[in-house]
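Report on the structure given below.
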Amino acid sequence: MAARLRSFSSSIARWHADEAPVGSPLNDAEVIALRHTRLFGATGTVLMAIGALGVGARPVVQDPTFGVRLLNLPSRIQTVSLTMTTTGAVMMALAWLMLGRFALGDRRMSRSQLDRLLWLWVLPLLIAPPMYSRDVYSYLAQSEIAAKGLDPYRVGPAPGLGLDHVFTLSVPNMWRETPAPYGPLFLWIGEGISSLTGENIVAAVLCHRLVVLLGVGLIVWAVPRLARRCGVAEVSALWLGAANPLLIMHLVAGIHNEALMLGLMLAGTEFALRGVSSIGATRPLLPRPLTWPRDRQQWSRWWPAAMLLLGVVLITMSSQVKLPSLLALGFVAMALACRWGGTVKAFLLAGGSLTAVSVAVMAVIGWASGLGFGWIFTLGTANVVRSWMSLPTLLALGTGQVGILLGLGDHTTAVLGLTRAIGVSIIAILVTWLLLSVLRGRLHPVGGLGVALGMTVLLFPVVQPWYVLWAVLPLAAWATRPAFRSTTIVVTLAVGIFGPTANGDRFTLFQILLAVAASTVVVLLLILLTYQRLPWRAMTTLPPDRPADRSSGPAPPQPHPARPDAYADSP
9 MAARLRSFSS SIARWHADEA PVGSPLNDAE VIALRHTRLF GATGTVLMAI
59 GALGVGARPV VQDPTFGVRL LNLPSRIQTV SLTMTTTGAV MMALAWLMLG
109 RFALGDRRMS RSQLDRLLWL WVLPLLIAPP MYSRDVYSYL AQSEIAAKGL
159 DPYRVGPAPG LGLDHVFTLS VPNMWRETPA PYGPLFLWIG EGISSLTGEN
209 IVAAVLCHRL VVLLGVGLIV WAVPRLARRC GVAEVSALWL GAANPLLIMH
259 LVAGIHNEAL MLGLMLAGTE FALRGVSSIG ATRPLLPRPL TWPRDRQQWS
309 RWWPAAMLLL GVVLITMSSQ VKLPSLLALG FVAMALACRW GGTVKAFLLA
359 GGSLTAVSVA VMAVIGWASG LGFGWIFTLG TANVVRSWMS LPTLLALGTG
409 QVGILLGLGD HTTAVLGLTR AIGVSIIAIL VTWLLLSVLR GRLHPVGGLG
459 VALGMTVLLF PVVQPWYVLW AVLPLAAWAT RPAFRSTTIV VTLAVGIFGP
509 TANGDRFTLF QILLAVAAST VVVLLLILLT YQRLPWRAMT TLPPDRPADR
559 SSGPAPPQPH PARPDAYADS P
């Protein structure tokens, strides 16, 4: 046992040097099944896009489908449109599950095959109306307030623009009076979009979707590189993370700024860890003496510091979209301190230097955007929402209902304040423990970041369905055990399909039940029709050099690729 513990400790200390396993390519039969699966999922996203014309979050004014016979038809048959949207979402989720057969086993699809599949699924949703949320209209209103020279951290859409403004009319009533809870970088980008598009709401929404695509592109770039760093297969991490239905449904279709936040955070973490892994335990961060580099060899001495600096800048920029991503900076700092020996001096030097750079970047963004640090005082704006996905909120709501039933009165608000405070305290304790684990070399920083964000989402005062991606994306690049993947699949299906109805609009219970029943029948029929064409069952594996039509029987099972030591600290 002692020898096993020593091996475990040494493997964690070598987390930066591990390589990801490589699987065998697919054979002919598996390639055909993959193509059918890709088309099945793409058909689902096309149905979602068509259904969004009827039940999507269309603008109150400047609706481009209004009065157009064919495009306006889905809005007049909302139950049918809701059925199409639900059916499409289920088809995409089922295709994603079947895709796991080609991403998790010894035989895996190539990176290019997965990239083509992902973009094919995303394309139909790029021109569809926003779905599952009206947050994008709040983005437009708050950005327009900034473009007019007002402070979006002091005034909301209604007092800043007026109730009859084209953007205010599409903002949900709950948020018309509230100031912006987002960072200055995001509002600065939105201000540029407002200056470009004016009051053209369709053009502004499409521009925000381009910002989402930029964030998704950064996610697709960063996740496989972080996975290699953690000893996880690229395709497996991309399947669980970037191709996750929650990302397609809520970040792409829903147009949420989480895409930009997560993209910048993950890309910054990758660049920062590149710098950390290039710094020796006794090698200083900056070359000495500090002279301007004149040749290639001298430039190479600056490479680790440049990568680390770029990573810190990107992480800080992500926090200026939404603050929770700043957690990544803490884990990068602990990884750097660990490389320097894990001493108190290393802790203070790494933490102090990275914090100074981060504060400087925040100050530059606040000054350049003209928005300053007003975002600090509006971070609790969303707390007015009572989300059932938040464990402290759910506990408070349940306790309040019990008090009402017992005749003790409605004390939900008081209990809510208590449970949320306890939840935040638990988050602080758990994050501190995870940071110390990284400092001591017992935990990979990517894994620590994923677990910390997961605990944050679980105990956060307000949780939306797409917040789950905060934890899923970094954990997809680190965790390997089937228990984690099974949990992620269950959460994805429950939150992504059964959570929202269509977009946050109000439907009658009868419409929802009718749409769910019709979608169930349609999906069951599709399963029966495609049972022989799609990989609903486990496929017979063949060696890559033997075509499927000449096989005489199942190939012998191939051994699992040797697991690198980095798997030891994964759940």
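Here the sequence shown is numbered in our numbering, starting from 9 and rising by one per residue.
We put the CB at the ideal spot given by N, CA and C, even for glycine.
Status (buried if at least 16 other CB within 10 Å, exposed otherwise) for residue 510: Unreliable positioning characterises residue 510 in this predicted model, as indicated by a pLDDT of 40, which lies under 50. The coordinate reading is nonetheless provided below. Around the beta carbon of residue 510, a 10 Å sphere encloses 16 or more other beta carbons of the protein chains shown; the residue is thus reported as buried.
In angstroms with no decimal places, state the Cα-to-Cα distance between residue 94 and residue 449. 46 Å
Along the chain, where does the alpha helix (DSSP H) containing residue 106 start, and where does it finish? Run containing residue 106: 86-107, per the alpha helix (DSSP H) assignment.
Counted within 10 angstroms of its Cβ, other Cβ atoms place residue 66 as buried (16 or more) or exposed: buried
Inter-residue CB distance, residue 355 and residue 447 (contact presumed, cutoff 8 Å): 6 Å
Go through its chain and collect everything with a Cβ distance to residue 399's Cβ below 8 Å, but skip five positions before and after it. 431, 466, 467
Under a Cβ-count criterion, where at least 16 other Cβ atoms within 10 Å of its own Cβ denotes burial, should residue 135 be classed as buried or exposed? Counting the other CB atoms within 10 Å of its CB gives residue 135 a total below 16, which places it among the exposed residues.
Where are the alpha helix (DSSP H) runs, 4 residues long or more, that stay fully inside the stretch 386-472, in chain order? 399-413, 420-447, 453-467
Using CA atoms only, rank isn't needed, just tell me which of 118, 276, 106, 415 is closest to residue 315. 276
Exposure label - residue 396; buried when at least 16 CB within 10 Å: exposed
For residue 472, does the count of other Cβ atoms within 10 angstroms reach 16, so buried, or fall short, so exposed? buried
For residue 385, count the other beta carbons within 10 Å of its own beta carbon; 16 or more makes it buried, fewer makes it exposed. Which is it? exposed
Start and end residues, alpha helix (DSSP H) containing residue 216: 209-238
Cβ separation of residue 280 and residue 319, assumed to be a contact under 8 Å, to the nearest whole Å: 3 Å
Within a Cβ cutoff of 6 Å, which residues of the same chain sit near residue 373, ignoring the five residues on either side of it in sequence? 192, 193, 328
Three-state class that DSSP yields for residue 544 in the structure shown: coil
Among residues of its own chain, excluding the 5 on either side of residue 117, which ones have a beta-carbon nearer than 7 Å to its beta-carbon? 34, 42, 110, 111, 243
Option nearest residue 51 by Cα separation, candidates 130, 113, 119, 470: 130
By Cβ distance, which residues of its chain are closer than 6 Å to residue 428, with the 5 residues on each side in sequence left out? 400, 469
In the structure shown, what three-state DSSP assignment does residue 140 receive? coil
What does the alpha-carbon distance come out to for the pair residue 3 and residue 389? Residue 3 is absent from the model: the chain starts at 9 and stops at 579.
How is the alpha helix (DSSP H) around residue 342 delimited, first residue to last? 335-347
For residue 199, the nearest candidate out of 154, 184, 259, 188 (CA to CA): In this structure, 154 is the residue among 154, 184, 259, 188 with its C-alpha nearest to the C-alpha of residue 199.
Among the residues of its own chain, which have a CB less than 7 Å from the CB of residue 273, if the five just before and after it don't count? Excluding sequence positions up to five before and after residue 273, its CB lies within less than 7 Å of the CB of 323, 326, 333, 336, all in the same chain and listed in chain order.
When you compare only the Cα positions, how much space is there between residue 504 and residue 339? 29 Å
Where residue 240 falls, given that 16 or more other Cβ within 10 Å makes a residue buried: buried
On the CB-based measure, 16 or more other CB atoms within 10 Å of its CB, does residue 197 come out buried or exposed? buried
Hey, quick one: how far does the alpha helix (DSSP H) through residue 256 stretch, first residue to last? Taken as a continuous stretch (DSSP letters only), residue 256 belongs to no alpha helix (DSSP H), as it is neither H nor E.
Cα-Cα separation between residue 537 and residue 142, rounded to whole angstroms: 36 Å
According to DSSP, is residue 264 helix, strand or coil? coil
Given residue 219, which residues of its chain have a CB within under 7 Å of its CB, disregarding the five upstream and five downstream residues? 197, 268
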